[in-house]
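Colleague:
In structure tokens:
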């Protein structure tokens with residue numbers, strides 16, 4: 005379930021970055037419920053390196069939600085899809101990379 009949340013966040017953020025438009029509001033904020041429910045159970049089962057990569061991926065998802073919320077607050081009343089600002093795009097790209105690292109770190113855990 006955590007891997008699915010990482011995948012959804014990665015696809016939403018990558019698509020938003022490529023198209024300069026945020027994901028649909030029905031998918032906002034990006035979900036972290038599985039992490040909240042199962043992260044503590046997973047902690048003792050993974051290496052410290054894997055844990056760090058997963059935590060950074062979670063922080064990145066939270067930042068993406070913050071970016072989208074900030075952009076939405078500025079764009080109140082503007083028609084059309086919510087745009088990704090050039091100021092936040094580098095942060096979005098960093099978040100995408102961190103989520104990708106978390107996904108890769110989680111793969112061996114998913115198949116144990």
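Residue numbers (the working numbering): 5 to 116.
In this text, a Cβ means the ideal position worked out from N, Cα and C, and glycines have one as well.
Hey, could you find the ends of the alpha helix (DSSP H) residue 15 is sitting in?
Modeller: Numbered from 1 along the chain shown, position 11 holds the residue referred to as residue 15. Residues 6-23.
Colleague: Confirm, please, whether the CB-CB distance from residue 26 to residue 72 is below 7 angstroms.
Modeller: The sequence position of residue 72 within the chain shown is 68, counting from 1. The sequence position of residue 26 within the chain shown is 22, counting from 1. Contact flag set, yes.
Colleague: Just to confirm the assignment: which complete alpha helix (DSSP H) runs, minimum length 4, are found wholly within the region 11-87?
Modeller: List check, alpha helix (DSSP H) in window: 37-46 and 52-78.
Colleague: Smallest Cα separation from residue 23: which of 114, 115 and 86?
Modeller: In the chain shown, counting from the first residue as 1, residue 23 sits at position 19. Among 114, 115 and 86, the Cα nearest to that of residue 23 is on 86.
Colleague: Please go through the same chain and pick out, in chain order, the residues whose beta-carbon is closer than 7 angstroms to the beta-carbon of residue 104, but skip the five residues on each side of it.
Modeller: Taking the chain shown and counting its residues from 1, one reaches residue 104 at position 100. 14.
Colleague: When the Cα of residue 65 is compared with those of 115, 30 and 37, which residue comes out closest?
Modeller: The residue you call residue 65 lines up with position 61 of the chain shown. For residue 65, the nearest C-alpha among the options comes from 37.
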